[in-house]
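In my numbering, the protein residues as written are 9 to 90.
Written below as structure tokens is the structure these notes are about.
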């Protein structure tokens, strides 16, 4: 099994890559997602795929994501730390 992190998960290449993860769950393990400002889509992705880590650029966006998916055990980071 290959472990992957998707940088730019809310963009066109990122969403296509997530489709592959969905099609081949026995071969691909999603460990992390990173996105810029499309926080709503990132939250949807985190709820669906439940990666270990999600990263966003802005601190205020990280708080929104944390509120939405923190109870699922997803770690959320932001800025240079993420």
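Built from N, CA and C at the ideal position, the CB exists for glycine as well.
Given the structure is predicted, the values throughout are model-derived calculations rather than measurements.
Residue 41 has its alpha-carbon roughly 14 Å from the corresponding atom of residue 27.
Under the three-state reduction of DSSP output, residue 22 falls in the helix class. It is roughly 12 Å from the alpha-carbon of residue 51 to the alpha-carbon of residue 83. A residue is called buried when at least 16 other Cβ atoms come within 10 angstroms of its Cβ; residue 22 meets this threshold and is buried.
Pairing residue 64 with residue 47 gives a Cβ-Cβ distance under 9 Å.
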